[in-house]
Each structure stands twice: as structure tokens, then as C-alpha cells.
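Everything on this sheet refers to the single structure shown next.
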Amino acid sequence: MTAWVDLRKISGGERRPTAQGGQVQPSPRGWLTDFTWSDGVIEVRKTGVRLRIDVNLVVEVIYWAMYLLVLGAAMILARLQGKPALAIWYAPDRPRPWYLLHGAALWSGMRAARSPEQADAAFYFDDTTRGAAPAAGELRVFNARCTDISKSHVAKVFAEVFGYPLLLDPERSVGEIVQKAEKNGVHNGRVVRAPLAPETGYVYQRLVDTADAQGMAHDLRTPCVAGRPVLVWEKIKPAGQRFAIHNKRAVMRDPAEVFSEGELQMIAVFIHRMGLDWGGLDILRDKHDGRIYIVDVNKTDLGPVIALTWADKIRSMNRLSKALSGLLGADKETPPNR
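Structure (C-alpha cells):
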């Protein structure tokens with residue numbers, strides 16, 4: 168019999184009401200309650216992602232622990248330098264340490280507010296596929312319009328903006344195509360052979376070939392803030408493991424090095440159509456037709472990518488924290504919400 172362990176009992180975590188009509192936020196002391204584990208597999212409660220405990224995962228956990236120490240030092244330095252300690256209210260959830268928004272905020276010396284009344288800015292933060300932003304009084308809620316990041320909606324907006332499709336009809340297609348769950352963050356994509364009958368809860372996409380001469384796939388994770396790409400993390404892994412969460416290596420690049428001016432303009436239009444104030448895009452460039460394809464949108468993106476060098480991690484966080492400060496008005500005497 169499988170024995171599931173409730174990590175709430177280990178961490179002493181709890182869920183508590185917020186100041187807004189019955190909504191709940193996780194206790195900052197109880198982040199281990201986000202997981203259950205059994206038979207060598209960790210499952211993320213909210214998204215259902217399952218991670219097998221192996222050497223790769225252990226190494227990445229160690230790197231995350233090291234990153235959190237650097238993040239804490241950066242937060243202390245930001246406070247000592249007198250950077251504006253803006254208060255951010257997150258709802259319905261508060262981001263955990265592994266979310267990129269959490270890191271960029273701390274890197275800038277910002278703090279989490281306990282209620283919208285105590286905040287300078289608010290973020291709709293919910294690691295779900297579809298949802299609705301909470302009310303936050305007079306505060307502007309960033310990402311409030313980004314309420315649907317399902318694969319089908321992302322592909323629909325992509326086709327409308329870029330003028331060419333990503334989605335395919337699996338019953339009318341021939342050859343290798345990609346099957347993915349509609350749900351956000353599941354990481355269960357796989358290559359299937361068409362024609363085939365569609366399964367409920369899945370979408371079917373063009374297989375975008377990004378492999379180089381050495382058989383390595385290149386993914387372009389693109390964090391975006393205030394309607395534009397801030398940087399690009401080029402993630403490199405074997406093409407046969409293109410859907411794996413582990414990367415062989417990663418490199419930080421400037422968006423202008425990766426995308427043409429016309430592509431950057433269309434990406435900006437896409438971001439606006441998605442209602443994304445902060446988040447990450449997964450972009451692939453097909454080696455055959457040279458076109459880019461936006462295959463995923465994540466308003467609660469993780470990061471920085473573990474496979475980056477420490478120099479690129481620090482450069483990334485410096486750039487993202489600056490972009491976040493600009494979005495929230497921390498570089499001005501008075502934030503836009505006040």
C-alpha cells in the first residue's frame with residue numbers, strides 16, 4: 168500500500184485567511200505543505216507535477232539552497248543601500264522561494280504585505296490554469312487580466328498575433344506531433360504519431376524542431392516585465408529529452424540577440440493580448456522554417472534556471488529586479504498606486 172506523507176505535519180504549516188472575503192494564503196512558515204511524497208516521487212499539490220527523487224533532483228535542490236543564501240544576502244544589501252522597501256500583496260497565494268517573482272522582489276529589497284491595505288502594489292498570483300484576480304481596494308492588481316494560460320488559449324492568441332498556427336488537428340495530421348495537457352505546469356508533453364483520436368484534456372501541436380547538429384534542443388525561456396522581454400535563458404538539453412525539466416546547460420542572452428525587431432514587436436503584442444504584466448514565455452525557433460513559436464505562458468514562473476552559471480544568475484536577477492522596480496514605480500518617489 169502506498170503511504171502518502173502529509174508534509175504539513177512535518178513543517179507545522181497552516182493556511183490562514185487574508186483580509187479579503189474568505190480568500191486564503193499559505194503560511195510563509197508552511198511551504199513544505201505544498202508537497203506530498205511517496206515511493207521516491209514528490210508531487211506538487213497545486214499543479215499535480217510529479218518529480219522523481221534522483222541524483223539530478225538532489226543536485227538541483229542543493230543549488231537552490233545555495234541560491235537562497237545568495238538571495239538573502241542580496242536582500243540585506245538592498246536594505247543597507249536604502250532601496251525603497253515597497254510592500255507587495257499577493258493573492259490568492261504568496262509566492263514560494265522558488266518562484267522568480269519572489270526572488271526579484273527580495274533582490275530589490277521589497278517585502279510581502281499582509282493585506283492590501285498595507286501594500287504599495289498587488290499581484291494576482293495563482294499557480295492555476297484558469298482563474299480570476301481578487302479585489303484589492305484601490306490598488307492596481309498586476310497580472311489581473313492574465314486569467315487563462317491554457318495551452319489552447321495561448322495557441323489561439325499566438326495564431327492571431329503571428330499569423331500562423333501552432334495547434335493541429337490530430338485526426339487530420341500525418342507524422343510526428345506533440346501532445347500536451349491543457350493544464351499549466353504539468354510537464355507531460357510527448358511526441359505522438361498522427362493521425363490519432365484526440366484525448367480529452369489534451370492539445371495537439373506542431374513538433375517544433377530546435378535540435379542543433381549535435382542533437383541538442385534549444386528552448387528560449389523569456390521572462391517578460393511591463394510588456395516586453397527582459398532577457399532570454401537559452402536552455403540546452405538532448406532533443407530526445409526536450410520535455411524534461413532538467414537542462415544540460417543554460418545561457419543568459421539579450422532579447423535583441425535572439426529575436427528580430429519584428430519578432431520583438433509581435434511578442435509585445437502577444438504579451439498585451441495575454442494580459443501579462445510579469446511572467447515567462449516558452450519560445451521555440453524551428454530550424455526548418457526559422458519561425459518562432461510561443462508554446463507556453465506562465466504568470467507564476469520559476470527561476471532563475473538552475474543550469475545557469477552563477478554569474479548569469481546574478482546578472483539575471485539584477486536585470487529582473489530592476490525591471491520589477493520599474494513596473495511597480497519603486498524607482499520613483501511615489502509608487503503608482505499611491
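Per our numbering, residue 168 is the first one in the sequence shown, and the count goes up by one each step. Yeah, the Cβ is synthetic: ideal placement off N, Cα and C, and Gly gets one too.
In whole angstroms, what is the alpha-carbon distance linking residue i and residue j?
i	j	result
residue 184	residue 282	Confidence is the limiting factor: at residue 184 the pLDDT is only 38, short of 50, which leaves the residue's position unreliable and the question unanswerable from this model.
residue 367	residue 346	11 Å
residue 480	residue 362	43 Å
residue 360	residue 383	21 Å
residue 322	residue 372	9 Å
residue 188	residue 303	Caution is warranted here: a pLDDT of 38 is assigned to residue 188, below 50, making its placement in the model unreliable, and the coordinate value is therefore given only provisionally. C-alpha separation (whole angstroms): 11 Å.
residue 431	residue 342	31 Å
residue 313	residue 484	23 Å
residue 491	residue 387	21 Å
residue 306	residue 493	16 Å
residue 229	residue 376	32 Å
residue 273	residue 238	7 Å
residue 268	residue 470	8 Å
So, at 8 Å on beta carbons, what are the nonlocal neighbours of residue i in its own chain, with the 5 sequence-adjacent residues on each side left out?
i	result
residue 310	290, 291, 292, 300, 442, 443, 444, 445, 446, 466
residue 349	296, 317, 318, 319, 368, 369, 370
In the DSSP assignment, the beta strand (DSSP E) including residue i goes from what residue to what residue?
i	result
residue 440	Run containing residue 440: none in the beta strand (DSSP E); it sits in the alpha helix (DSSP H), 428–441.
residue 270	Residue 270 -> not in any beta strand (DSSP E); alpha helix (DSSP H) instead, spanning 267–274.
residue 404	399–405
residue 462	459–465
Within the same chain, show all residues whose beta-carbon is closer than 6 Å to that of residue i, passing over the 5 residues directly before and after it, in chain order.
i	result
residue 257	290, 292
residue 474	414, 416, 417
residue 406	378, 382, 384
DSSP has residue i in a bridge; who is on the other side?
i	result
residue 389	448
residue 289	256, 308
residue 372	334, 345
residue 396	391
residue 360	343
residue 383	405
residue 416	403
What residue range is occupied by the uninterrupted alpha helix (DSSP H) comprising residue i?
i	result
residue 477	477–495
residue 425	422–425
residue 353	Per DSSP, residue 353 belongs to no alpha helix (DSSP H) and is neither H nor E.
residue 472	No alpha helix (DSSP H) contains residue 472, which DSSP labels as neither H nor E.
Check this for me: beta carbons of residue i and residue j, under 8 Å apart or not?
i	j	result
residue 370	residue 486	no
residue 333	residue 460	yes
Short of 7 Å in beta carbon distance, which residues of its chain neighbour residue i, apart from the five on each side in sequence? Order them along the chain.
i	result
residue 324	437, 440, 441
residue 502	Unreliable positioning characterises residue 502 in this predicted model, as indicated by a pLDDT of 49, which lies under 50. A coordinate reading is not provided.
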